[in-house]
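Residue numbers (the numbering used here): 368 to 575.
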């Protein structure tokens, strides 16, 4: 028994030494142009999903099925999200193309997260992914419109997304001066664009 104990301790110490040598010798490739191993990808994704699901349960979600709120969110989405994630009809910009892991397609990702989870991600960010914690510089009330927009995103295409932007001038924390006159309270036919108010959010193996 004593011999077995000594063997186990020696093995553990050698393993720690080997890992330390590997790390401090600079052998681990930290470049963003090298893909993660399958194990590392699984570990990071699984850990993130479990953490976000747990944290999102404690978020008090307001009523997001509101046309004006969605219009407020689209300009903030353009300013805060599109460069890395892209949008319907838009590819990610140069910064987003260089991220590793890549920023997820939010039309896909939004189908697998609840509103509370999306808010928590936007507010607190995700470590070691390039996802910033927008709550550091934005109040909660300025983040919920983005969540409202995200909840509709899976139902939008390039044309309906552009139509929403057209009616969102001067709205949101990052008001967009490129839009046309604000018709937030007009009888605009936007029902297809905001039809998606809730999803049955099932977590799977997709990256979010």
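Every residue, glycine too, gets a C-beta built ideally from N, C-alpha and C.
Identify whether residue i lies in helix, strand or coil by the three-state DSSP scheme.
i, result
"residue 462", "helix"
"residue 535", "coil"
"residue 470", "coil"
"residue 529", "helix"
"residue 454", "strand"
What residue does the alpha helix (DSSP H) around residue i start on, and which one ends it?
i, result
"residue 447", "434-447"
"residue 484", "482-491"
"residue 389", "369-391"
"residue 512", "507-519"
"residue 406", "405-423"
Report back the beta-carbon spacing between residue i and residue j to the nearest angstrom; my notes put them in contact at under 8 angstroms.
i, j, result
"residue 451", "residue 466", "6 angstroms"
"residue 603", "residue 477", "Any answer about residue 603 is impossible in this case: the structure gives the chain only from 368 up to 575."
"residue 470", "residue 460", "10 angstroms between Cβ atoms; not a contact."
"residue 531", "residue 438", "7 angstroms"
Is the distance from the Cβ of residue i to the Cβ of residue j below 8 angstroms?
i, j, result
"residue 423", "residue 487", "yes"
"residue 455", "residue 474", "yes"
"residue 442", "residue 529", "no"
Sufficient close CB pairs (3 or more, under 8 angstroms) joining the stretch 418-432 to the stretch 524-536
no
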